[in-house]
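Engineer: Before anything else, here's the structure in question.
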Amino acid sequence: MISVITILLFFVYLWGLGFSLTYFIYLKSSSKPDFLEREIMNVGIGLGAFAILSIIINFFRIPLDWKIFLLLSLIVPVYAGFIILKKNGFKLPHKIPKFILTKSDLFVFAVLFIFAVSLYTYASGAFAYPYLEDEDPWGHSIGVKYVALNKDAYNPTTTTVQEAESILSYIDPYPPAYDVLMGVLHQTSPDLNWTIKFFNALIISLGLLFFYFFANNFMQNKTKALAATFFLAVIPSYLSHFIWAHSMTITLLFPALYAFNKIFEEKKWALALAVMVAGIWVTQNLSQPIKLTTMLLIYAAVASVTHARFLKYHFAGIFGGMLLSQFWWMAMVHKYSLQYFFGAYVRVPVSLREGIVSNSSAGDVVTTAGATGVAFVGKFFSILKTITNPGGSGSRAYTLGDFIVAKSNNMINAPIGIGVVLSLLALFGLAYLVFKYRSSLTVKENCWRMVVLFWLIYTFWVVNGMTFPISIARDAFRTWFLLAIPVSIIAAEGAYVFINTFKKNKLTQVFLTVLLVVGVILTSGVHKYEANTSIWPTSGSFSNMQEPFLYGELFKGIPLDSKVFLYAPRDKLVFGYGLFSCSWCQEVKDFRKEIIYKNHDELYAFLIRNDYEYFMINKNMDYKYLSDKFGEEEVKKMLPVRYQEFLTSTKLTPIYSNENVILFKVD
Amino acid sequence: MEQQNTTLLKKILLYSLYFLLLLMIVFSLMAARNTGEKGYTQCVEKKCYEKGEQFCSKARELANCCSGAGGNLVTVNGPNQGSSGYTCIFD
């Protein structure tokens, strides 16, 4: 169910916060960007500002309410409007200001077109099925609902990281900014399923606009920036419409880089950079913030050398942002203790664990200085190994074909591949940069070329964490998004140089441009479109491919936010379809601990006491998840007894049934 | 003096870039060892060593190793069947 008012509010929150931050930067600044750049980048800056502001608000126990965000985002714009009116003697302008279309505006319109096509692709793919894909988006749906209802991003009911993660996986201790943004939007947009699908697609697509303005400032060339934006939009390995915090974290990199570039002109932009970096650090769980910060640090270090001065404001912006994000991280350390907090993130490999266990089982209670030293070294290496562990559900070694040939059948969360034409352009661009500027790469004017080459090396190395003998960062497969950034920029340089070799013949230039655009679309864009608009698989909780569609159909007939209790502990499915179950409530958690031993009367009393309107059983799902908890034998014995009680109940009316699923109305 | 330091830093930066580019090429060439049946076996063994038997026999992990080695994971019944019921085939 579309909520137009929430789309408007989204832009008001972000633009207002971005305006508030940049207003004081522009106040005494001699140079201001064009109208479109300024206003669009205010939205980008506002995204980062919203992220860290929500954390600070939450820290001071102020409710995460949409009205508070609306108020905070409008204070400075209203003040600025008042100042302008005062200056004009409180007279409204007589004439409508003339809008003069400039050449740069045409470039912006072209980028807006790319944005629109991207949004259409992502949104049509996301809405091609009624459910949420895979597992992560369902987990986010609980966090979004929790924030929307409780207006809070701390999980108050748990004491350990593990317990917190089992209920609300993505708000606490996982930094919650993504779920907070979606939760605040959900407060005015009743359909949770629509809210997270649409705004996730919108955030990713807006990233392309932010990227264009960053690239234009970075390369100082609109044509190259436009080409790079087009390449980033069509490259399969840049973000898919998968719903997770990465969508927002990666998008935030571009306003951060934009602010970084602007510090060269006006040092006050360091404040905006700090806010963007803080936003990144409170949106995703460490691995992506570390990589994005590394990219910013590479830029700062390289630029310091090429500019022949230590860029203290740039570094201050980066480290200031990390410091600002401690409003979240220190609160988590305080809540869970340092030991539990790090215990959740630093996982010791099996081989090392076995070594530790076998040592201790020898009964050696006396620790010698040598043994302590060995233990310390062992711990150091285990931490280092954790920090640089390239593993993850989708990490693997890659072949040359994985890079060059884009495929329509791709991973849904972190797609891979570049495409043949784009790969050739990137290789040409790389060769050109290395040979043409071999002796002048360290010149100030070529700073961006040097930076982009280092970014390419860094991201390529991280992606190949399992291919190469040494890994330098976590989660290799989730770095394809980042590799797409230098590849797009270098390919743009390659395309620009290639076409400009024929600058004496305009017709040839036009022909080659069309040829490259068509080639890139056919070898990259088509695969990206197909991968993003196909029917994606969903949670492993379901018994077959048809069941999630059946659930969608059944739940469509139930009013939004109705309370539905699933017999299997899979409450997240209910949230994802726009319904509700209080999975974080103590009584629900307690009931689930003994659910198989609760008879019909106890279940019914529980449902009535907790205002559940519907109750659902799913033989396969119940058997699978209850067996995990109570053991197969116990479930085989108890489940038929319980089902018999439900089926003969006079208080539970079946409103839908098939051989596996029964949906009851609680009378 | 400052001028000299700057020049030195720039040289270090430039040579670091070339060294890293070269390293990436060397690593990429070395990656040929990851392909084929040998690469697949090595990958599975590494996973078993690091994360245990139960983890490394998962279909997802086997598929990752197989794709990384340039093969296709298929379910096979017969003498070539691996202990997990899957095998990696190469063209």
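Residue numbers (the numbering used here), protein chains in the order written: chain V, -12 to 654; chain B, 1149 to 1239.
For glycine and all other residues, C-beta sits at the position ideal for the given N, C-alpha and C.
From the DSSP output, in three-state form, read off residue 501 of chain V for me.
Structural biologist: Correct three-state label for residue 501 of chain V: helix.
Engineer: Along the chain, where does the alpha helix (DSSP H) containing residue 96 of chain V start, and where does it finish?
Structural biologist: Unbroken alpha helix (DSSP H) run through residue 96 of chain V: 90 to 113.
Engineer: Name the chain B residues that come within less than 7 Å of residue 444 of chain V, Cβ to Cβ?
Structural biologist: The answer, in chain order, is 1168, 1169 and 1172.
Engineer: Return no unless some Cβ of chain V is closer than 8 Å to the Cβ of residue 1154 of chain B.
Structural biologist: It does; some Cβ of chain V falls within 8 Å.
Engineer: On the criterion of 16 or more Cβ atoms from any shown chain inside 10 Å, does residue 1193 of chain B qualify as buried, or is it exposed?
Structural biologist: Its Cβ having fewer than 16 others within 10 Å, residue 1193 of chain B is exposed.
Engineer: Could you give the C-beta distance for residue 216 of chain V and residue 232 of chain V, rounded to a whole number, given that I count them as a contact under 8 Å?
Structural biologist: Contact doesn't hold; Cβ gap of about 23 Å is too wide.
Engineer: Going along the stretch 407 to 435 of chain V in order, which residues come within less than 9 Å of chain B, judged by CB to CB distance?
Structural biologist: Here the close residues are 417, 421, 425, 426, 428, 429 and 430.
Engineer: Using a Cβ-Cβ cutoff of less than 6 Å, which residues in the same chain neighbour residue 634 of chain V once the five nearest sequence positions on both sides are dropped?
Structural biologist: Once the five neighbours on either side are set aside, residue 634 of chain V has no close Cβ partner at all.
Engineer: Which of the three DSSP states is assigned to residue 605 of chain V in this structure?
Structural biologist: Of the three classes helix, strand and coil, the one that applies to residue 605 of chain V here is strand, per DSSP.
Engineer: Label residue 112 of chain V either buried or exposed according to how many other C-beta atoms from any shown protein chain fall within 10 Å of its C-beta, with 16 as the threshold for buried.
Structural biologist: That one is buried.
Engineer: Of all the alpha helix (DSSP H) runs that stay within the bounds of the stretch 168 to 218 of chain V, which reach a length of 4 or more residues?
Structural biologist: Fully enclosed alpha helix (DSSP H) runs of 4 or longer: 179 to 206.
Engineer: If distances are taken between C-alpha atoms only, which option among V/612, V/82, V/574 and V/431 comes closest to residue 1158 of chain B?
Structural biologist: Residue V/431 is the option with its Cα nearest to residue 1158 of chain B.
Engineer: Beta-carbon within less than 8 Å of residue 182 of chain V's beta-carbon, same chain only, minus the 5 sequence neighbours each way: which residues are those?
Structural biologist: Excluding positions up to five away in sequence, the list reads -10, -7, 131, 169, 172, 173 and 176.
Engineer: Taking the Cβ atom as the reference point for each residue, do residue 164 of chain V and residue 266 of chain V lie within a distance shorter than 8 Å?
Structural biologist: Contact flag set, yes.
Engineer: So, is residue 1209 of chain B buried or exposed, given that buried needs 16 or more other C-beta atoms within 10 angstroms?
Structural biologist: Flag for residue 1209 of chain B reads buried.
Engineer: Is residue 383 of chain V near residue 1215 of chain B, with beta carbons less than 8 Å apart?
Structural biologist: Yes, the Cβ-Cβ distance between residue 383 of chain V and residue 1215 of chain B is below 8 Å.
Engineer: With 8 Å as the threshold, decide whether the Cβ of residue 1245 of chain B is near any Cβ in chain V.
Structural biologist: An answer regarding residue 1245 of chain B cannot be provided, because it is not within the stretch 1149 to 1239 covered by chain B.
Engineer: Check whether the Cβ of residue 1207 of chain B lies closer than 8 Å to any Cβ atom in chain V.
Structural biologist: With 8 Å as the cut-off, residue 1207 of chain B does not count as an interface residue toward chain V.
Engineer: Quick check on residue 1158 of chain B - is its C-beta less than 8 Å from some C-beta in chain V?
Structural biologist: Cβ-Cβ to chain V under 8 Å: yes for residue 1158 of chain B.
Engineer: Are the beta-carbon atoms belonging to residue 262 of chain V and residue 42 of chain V less than 8 Å from one another?
Structural biologist: No. Outside cutoff.
Engineer: Going residue by residue through the stretch 232 to 266 of chain V, where are the continuous alpha helix (DSSP H) segments of at least 4 residues, counting only ones entirely within it?
Structural biologist: Counting only runs of 4 or more, we get 233 to 249.
Engineer: With a threshold of 8 Å on Cβ separation, who are the neighbours of residue 219 of chain V within its own chain once the five nearest residues in sequence on each side are excluded?
Structural biologist: Same-chain partners within the cutoff: 195, 198, 225, 471, 472 and 475.
Engineer: Just the C-alpha distance for residue 576 of chain V and residue 570 of chain V, rounded to the nearest angstrom, thanks.
Structural biologist: Going by the C-alpha atoms only, they are around 7 Å apart.
Engineer: Using the three-state DSSP reduction, which class does residue 119 of chain V fall into: helix, strand or coil?
Structural biologist: Here residue 119 of chain V sits in coil by DSSP.
Engineer: Considering only residues of the stretch 427 to 480 of chain V, which uninterrupted alpha helix (DSSP H) runs meet the minimum length of 4 residues and lie entirely inside it, listed in chain order?
Structural biologist: Here the runs fully enclosed are 434 to 450.
Engineer: Counting only beta-carbon separations shorter than 8 Å, does residue 385 of chain V have a partner in chain B?
Structural biologist: Cβ-Cβ to chain B under 8 Å: yes for residue 385 of chain V.
Engineer: Name the chain B residues that come within less than 7 Å of residue 466 of chain V, Cβ to Cβ?
Structural biologist: Within chain B, no residue comes near residue 466 of chain V; the closest Cβ sits about 14 Å away, beyond 7 Å.
Engineer: In three-state DSSP terms, what is residue 131 of chain V?
Structural biologist: Of the three classes helix, strand and coil, the one that applies to residue 131 of chain V here is helix, per DSSP.
Engineer: Just to confirm the assignment, what range does the beta strand (DSSP E) spanning residue 641 of chain V have?
Structural biologist: Residues 639 to 644.
Engineer: Please confirm whether residue 105 of chain V and residue 209 of chain V have their CB atoms less than 8 Å apart.
Structural biologist: Not a contact, by the Cβ cut-off of 8 Å.
Engineer: Residue 295 of chain V versus chain B: which residues are under 7 Å apart at the beta carbon?
Structural biologist: Going along chain B in sequence order, the residues near residue 295 of chain V (Cβ under 7 Å) are 1154.
Engineer: List, in order along the chain, the chain B residues whose C-beta lies closer than 9 Å to that of residue 281 of chain V?
Structural biologist: Ordered by position in chain B, no residue passes the 9 Å Cβ test against residue 281 of chain V, which lies about 14 Å from the chain.
Engineer: Leaving out five residues on either side along the sequence, give the residues of the same chain with a beta carbon under 6 Å from the beta carbon of residue 141 of chain V.
Structural biologist: Contacts found: 159.
Engineer: Pull the bridge partners of residue 1222 of chain B from the DSSP assignment, please.
Structural biologist: In the DSSP output, where bridge partners are listed per residue, residue 1222 of chain B has B/1235.
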